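Using the numbering used here, you'd call the opening residue of the sequence shown number 118 and step up by one each time. The beta carbon of each residue, even a glycine, is placed where N, CA and C say it ideally should be. Note that the structure is predicted; figures quoted are calculated from it, not measured.
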Amino acid sequence: ASVSTPPLHAPLLPPTPSPHQTSLFDLPCVNPAQIFLSIHYLPSSSLSVRPPPLLHHPLPSSLRSRNPETEDELAKDPTWAPLPPVIQGLPKTDYIVISTTSLVSILIDCPRCAKGKNDLNFHTEGMAISATGKCNLCPRKFTWNNSSVLKTSREASTEKLKKINVDIVNGAVLTAIGATKLRLVFLLSGLPTLSHSTFHRIKKNYTGPAISEHFFTAQTAVIEAVKGKIAKGEKLHVSGDGSFDSRGYSAAWCRYFILDAQTGEALHYILMHKTDTGSSSTMEVAAFNQGLMELSLMIGGSEHIASVVTDRHAAVTKMMREKYPGIGHYFDPGHFFRNITLTLISITKPQYMKKVRGWVKVIINRCYDAVITAQGNGEIASEKFRAILLCMTGQHTFDK
């Protein structure tokens with residue numbers, strides 16, 4: 118019997134037995150080298166499953182050459198990619214403070230050439246800092262900025278609106294910090310600051326309109342919800358209070374808010390300058406009067422307002438009695454209890470009143486408890502309030 122040797126580069130298949138073959142011992146000896154040469158490393162296309170090309174399976178780092186690859190080799194290797202950077206401990210804020218020495222040490226060295234140094238040119242615009250550099254050995258140039266530039270509606274505007282300056286002005290406006298105080302804080306801290314003109318330009322052109330747009334958008338939704346309650350027969354209970362830009366009789370601005378006493382949502386606000394009234398002392402009353410009239414127009418009339426809670430301002434009380442007799446007027450207990458607290462603290466300052474100082478907190482807590490537990494019943498609140506001194510003497514029953 119004889120077996121034909123498979124030709125070179127033919128598929129490796131089991132030998133076809135001859136009809137005269139009687140046993141395996143009759144097979145001829147074949148050179149192993151010829152067998153390996155006849156193996157197809159890529160199977161025939163007739164097979165249903167083809168192994169993926171080796172290019173899709175990069176070698177792990179342990180199987181690579183111990184010699185580091187050159188830049189040309191890495192550029193030609195489509196499977197190579199650098200490991201992603203690992204950033205840890207970075208503050209979750211938009212900005213961080215860095216000293217000028219540290220900043221220069223970061224930017225002074227050229228990353229392209231080993232011995233080159235960068236010639237730096239810094240430009241400051243408020244809190245925004247930019248730098249341009251050029252290496253003194255190689256032609257590398259770069260630009261660095263600590264803030265991005267915001268787009269404005271003015272297409273041909275030459276103003277570069279830096280985001281960090283806008284954020285600083287927004288924070289100052291929302292926390293009622295003026296340009297003068299903000300400038301002093303930054304100057305004394307060794308930080309660059311905004312000029313008065315830049316501060317007020319950003320506040321007038323960007324911060325103020327953005328706040329107004331957001332407030333009036335939210336106000337529209339709140340007023341619509343109030344109108345829905347009024348349509349069901351409910352009435353509105355509001356509270357109002359004003360704040361000034363400075364204490365005493367030198368205030369220039371008054372900001373008055375009117376809130377929904379049940380939900381705590383802001384219904385309306387008025388911003389008034391002392392030139393509108395002629396003096397600082399009359400701003401709060403005028404702002405409250407204007408705010409209440411505008412709110413009445415929004416909801417369909419002052420008859421839908423059941424009660425108003427304000428502080429114990431005599432002019433406000435007179436105005437409510439004369440202009441809005443149909444609206445119940447109540448005083449805010451918080452202001453009243455604050456005055457009691459200040460009076461008790463002043464009385465207990467002498468040394469001989471030392472034993473009474475410990476009762477101040479107890480008295481104020483009982484005042485709040487009397488109002489809260491009365492649930493709007495003024496007579497019960499008054500009785501509980503007058504019973505505080507009796508409880509301090511040990512009398513806790515009031516049958517007689």
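The DSSP assignment places 313-319 as complete runs of the alpha helix (DSSP H) inside the segment 297-327, in order along the chain (cut-off: 4 residues). Under DSSP, the beta-bridge partners assigned to His390 are Trp370. In this chain, Ile225 is not harboured by any alpha helix (DSSP H), its DSSP state being neither H nor E.
Asn262 has Ser247 as its beta-bridge partners, per DSSP.
Here the alpha carbon of Met389 sits roughly 20 Å from the alpha carbon of Tyr323. By the Cβ-count criterion, Phe333 is exposed, with fewer than 16 other Cβ atoms from all chains shown falling within 10 Å of its own Cβ. Assigned with DSSP and collapsed to three states, Asn494 falls in coil, not helix or strand.
When Ile213, Ser360, Ile215, Arg257 are compared, the shortest CA-CA separation from Ala231 is found for Arg257.
Judged by their CB atoms, Lys251 and Val266 are not nearer to each other than the 7 Å cut-off. By the 16-neighbour rule on beta-carbons within 10 angstroms, Thr269 is exposed.
Ile375 sits close to Val355, with the two beta carbons spaced by under 7 Å. Between the alpha carbons of Ile285 and Ser499 lies a gap of roughly 49 Å. In the DSSP assignment, Asp284 falls within the unbroken alpha helix (DSSP H) covering 280-291.
Uninterrupted beta strand (DSSP E) stretches at least 3 residues long and entirely within the segment 328-387 occur at 353-361, 370-377, given in chain order. Taken through DSSP and simplified to helix, strand or coil, Tyr447 comes out as strand. Counting along the chain, the unbroken alpha helix (DSSP H) around Ser413 starts and ends at 400-416. Secondary structure note for Val433: its alpha helix (DSSP H) is the uninterrupted segment 431-440.
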